[in-house]
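This report refers to the structure that appears directly beneath it.
Numbering (my numbering), first residue to last: 165 to 340.
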């Protein structure tokens, strides 16, 4: 996966719209599905002061609404409007995968392993991109220090390594 420049204002606007539409659709569809399921299968005459016993139909309505919203969002992931939002979501997914193996990648980097240096270079540069897009500047100084340390190590070794060398298949096993 290559790092690309993203217009922050456009990304934030589109992300906020996607979130708002998703929440609104989820709320409306949950009510519609819950109401339909209750009208078809639920108890219609509750005893005074007691629960209607329709909790399971409301829950099923929420599950159906979430499934439908998720399916629609997934099917539209390649649409031009969602391009930046989906790209950042994929980057965050890669961050999670790398983070779970970060200790092993750092150990291999200490041994001057080129693949580990590529993974760490990509990890830190892509995290910086995402942090800046999401206005997450709290730990940016630590991230920049980690990135600078990896870049210094790469320079000292005289390697031609960059984040562009990263391919997702490198994450199969950090022990290899």
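Quick reminder that beta carbons are idealized off the backbone N, C-alpha and C, glycines included.
In angstroms, rounded to a whole number, what distance separates the CA positions of residue 231 and residue 333?
30 angstroms
Taking contact to mean 3 or more Cβ pairs, one atom from each stretch, closer than 8 angstroms, check whether the segment 260-275 and the segment 219-235 are in contact.
Here the segment 260-275 does not lie against the segment 219-235, with fewer than 3 beta-carbon pairs under 8 angstroms apart.
Which of the three DSSP states, helix, strand or coil, is assigned to residue 285?
helix
By the 10 Å Cβ neighbour count, where 16 or more other Cβ atoms means buried, how is residue 257 classified, buried or exposed?
exposed
Who are the near neighbours of residue 224 in its chain, counting only those whose CB is closer than 7 angstroms to its CB and skipping five residues on each side?
201
If you draw a straight line from the C-alpha of residue 255 to the C-alpha of residue 204, how long is it?
43 angstroms
Out of 318, 199, 240, which has the shortest C-alpha to C-alpha gap to residue 216?
199
Does any residue of chain C have a CB that is nearer than 9 angstroms to the CB of residue 289?
The structure shown contains no chain C; it holds only a single protein chain.
What is the DSSP secondary structure of residue 276, counted as helix, strand or coil?
coil
Taking the alpha helix (DSSP H) that residue 246 belongs to, which residues open and close that run?
Element bounds for residue 246: n/a, residue is neither H nor E.
Buried or exposed for residue 288, going by 16 or more other Cβ atoms inside 10 Å?
buried
Would you call the CB atoms of residue 281 and residue 314 closer than 9 angstroms?
yes
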